[in-house]
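Residue 462 is where the sequence shown ends in our numbering, and the numbering goes up by one at each step. Where is the CB? At the ideal position from N, CA and C, for every residue including glycine. Reading through the structure tokens given below for one structure.
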Amino acid sequence: MSKVQAWHVRTRVTRGQLGIEGNEEFAAKWSTSQEKKNRYKGWLVRNPKTYSMSELMEADGPQRKRLILQYSLDGRFKDARLVFDRLYDESLFSDGDEEKTAFYSILKHMADYPVELKSQLLDTYRRYQELFGLDGRAVGCMLKSTVLRGLHDRPEEREPYFQDMKLLEAPEQTIAMGIYVRKVVKRLQDYDFVLEVAPKFKGWSPLTVNYVLDICIKNEHVHEGLRIYDALRAAGGTGDNETFSLLVRAYAKLKQYNVVERLMELCRRRKIPLDDRALHAAAISMEESANMVRAEYALEELKQRTRVEGSHRLFRASLRTYLDMGKHQAAIDIFEDWIQTKQKEKPGRLEYSMYIAALHAVGRHEKAVATNYSIRLRHRPPLPEKANQILRQSLVNMDNEELFFTEDEDR
């Protein structure tokens with residue numbers, strides 16, 4: 052199954068397949084973000100099975116973890132605990148990591164549940180400590196639960212977990228603070244609170260800072276993201292390769308062209324690869340500043356990497372960049388080259404890239420480019436009907452009858 056086909060399968064997972072249907076009280080409290088996140092786990096629970104205890108004893112490790120996760124996703128935490136306790140008492144787990152992972156799945160999903168389960172959550176947390184000791188994931192889950200219940204600004208709610216965090220080693224503190232900070236930023240966008248709390252612990256890590264920067268760029272809060280990065284540098288960190296890509300995107304958004312140019316030069320000297328979005332932002336930014344040498348460098352880097360790696364994502368980034376810069380013929384040339392190298396691609400992947408390219412061209416009213424894509428799409432295997440509808444509507448908006456997909460031409 053290709054990545055595109057797998058994506059369509061994942062997005063078709065329904066509430067019933069997640070075990071939510073039939074429990075409307077739980078469904079009403081299930082947040083949109085949580086439901087979306089758990090679609091990726093939908094393949095675990097599309098065909099739920101209830102095991103008898105004799106079957107459970109004979110089941111292998113993945114089957115046991117599947118059942119515990121299924122119960123946790125359904126909100127049946129008592130059942131999940133009963134299964135775990137029985138397996139633990141009978142020493143049926145293959146090793147310590149397996150039993151720890153299984154119990155953590157209960158704690159993790161319980162932390163996302165409504166406030167009524169506070170006492171049950173605390174009991175599960177204490178039991179986790181008894182069995183496995185303190186670790187960053189468990190403490191991070193409890194801190195995350197205070198955010199989800201709207202209690203993160205109450206010292207009496209969060210201080211017990213901060214005290215537990217002080218007992219952890221530095222790497223575990225980083226894990227716990229990372230979970231907490233990411234939830235505070237995503238749910239509350241409270242950057243001042245992050246800057247106040249994180250320095251008290253070993254809370255800065257490239258993973259956390261990258262997450263914060265990415266959220267800030269998407270939400271047009273670039274300055275706040277850069278403040279978080281400054282805090283990382285003050286703590287002695289510089290970030291990783293992904294951090295530099297995010298910084299290029301951030302400064303390009305602020306139109307600080309000199310900083311973008313210096314970052315590009317730094318990455319070139321240190322051989323730090325920028326990702327596709329950073330190269331796109333760098334090329335556009337350098338063109339706006341009339342620095343065509345740097346713009347061409349970013350374009351060529353994107354083009355070469357697309358040829359070497361053969362990534363659909365890089366291919367679409369190249370097309371988007373050339374179209375944004377008005378290089379329409381170059382975009383068509385890249386497209387033709389890509390078609391030649393991807394003729395044996397699995398059905399679906401190539402069509403999806405062509406469809407994305409067509410939409411980018413249509414959105415910019417580049418009729419010549421859009422015509423090239425849409426004509427080719429008519430002779431390819433079928434696109435998902437949703438894609439056909441969007442493309443037809445986009446072409447209608449361009450008021451160009453040559454590009455319409457008629458009913459006869461809709462495969």
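A straight line joining the alpha-carbon of E275 with that of N261 spans about 13 Å. A residue is called buried when at least 16 other Cβ atoms come within 10 angstroms of its Cβ; M343 does not meet this threshold and is exposed. A contact between stretches requires three or more CB pairs, one per stretch, nearer than 8 Å, and the region 217–225 meets this requirement with the region 250–257. Taking 8 Å as the cut-off, the Cβ atoms of L330 and L305 do not count as close. With three or more CB-CB distances shorter than 8 Å, the region 115–125 counts as touching the region 154–166. Collapsing the DSSP output to three states places L158 in a helix. Excluding five sequence positions before and after I230, the CB atoms of its chain that fall closer than 8 Å to its own CB belong to G187, R188, G191, C192, L194, K195, given in chain order. Here DSSP, grouped into helix, strand and coil, assigns H203 to coil.
V134 sits buried, since 16 or more C-beta atoms from the chains shown fall within 10 Å of its C-beta. In this structure, the straight-line span from the alpha carbon of L297 to that of I335 is close to 15 Å. Inter-residue distance for T357 and W389 is about 9 Å (C-alpha atoms, whole angstroms). The alpha-carbon of D125 is positioned some 19 Å away from that of S170.
The beta carbon of Y176 is closer than 7 Å to those of L158, A189, M193 in its chain, skipping five residues each way along the sequence. Not a single unbroken stretch of the beta strand (DSSP E) spanning 3 or more residues falls wholly within the region 314–375. In the DSSP annotation of this structure, the continuous segment of the alpha helix (DSSP H) that includes L298 starts and ends at 292–304. Residue environment: T289 is assigned as exposed (fewer than 16 neighbouring CB atoms within 10 Å of its CB, all protein chains considered).
For the pair H272 and Q307, the CB atoms are not nearer than the 8 Å cut-off. Each of K234, A227, T392 was checked against the Cα of R200, and the nearest Cα belongs to K234. Between the alpha carbons of R209 and H203 lies a gap of roughly 6 Å.
By the criterion of a C-beta distance shorter than 8 Å, I323 is surrounded in its chain by N292, F295, L317, once the five residues flanking it on both sides are discounted. Straight-line measurement puts the Cα of D163 at about 42 Å from the Cα of A349. Between R300 and A332, the C-beta spacing is below 8 Å. If you check the CB distance, L258 and I279 do not come in under 8 Å. T392 is classed as exposed because its beta carbon has fewer than 16 other beta carbons within 10 Å across all chains shown.
For P257, the enclosing alpha helix (DSSP H) has its first and last residue at 257–269.
At least 8 Å separates the beta-carbon of Y302 from that of L283. Taking a contact as a CB-CB distance under 8 Å, the pair L173 and M161 does not count as one, their CB atoms being some 10 Å apart. Closest in alpha carbon position to V236, among C267, Y212, P206, is C267.
Look at D186 here: in three-state DSSP terms it is coil, with no helix or strand label.
Bounds of the alpha helix (DSSP H) holding Q224 are 221–234.
Y139 sits away from E149, with the two beta carbons spaced by 8 Å or more.
When C-alpha distances from Y242 are compared across L370, G361, D281, P211, the shortest belongs to D281.
Non-local C-beta neighbours of I226 in its own chain, meaning closer than 7 Å and more than five positions away in sequence, comprise G187, R188, G191, ordered along the chain. Judged by DSSP in its simplified three-state form, K253 adopts coil rather than helix or strand. With a 10 Å radius around the Cβ and a threshold of 16 neighbouring Cβ atoms, A249 comes out buried.
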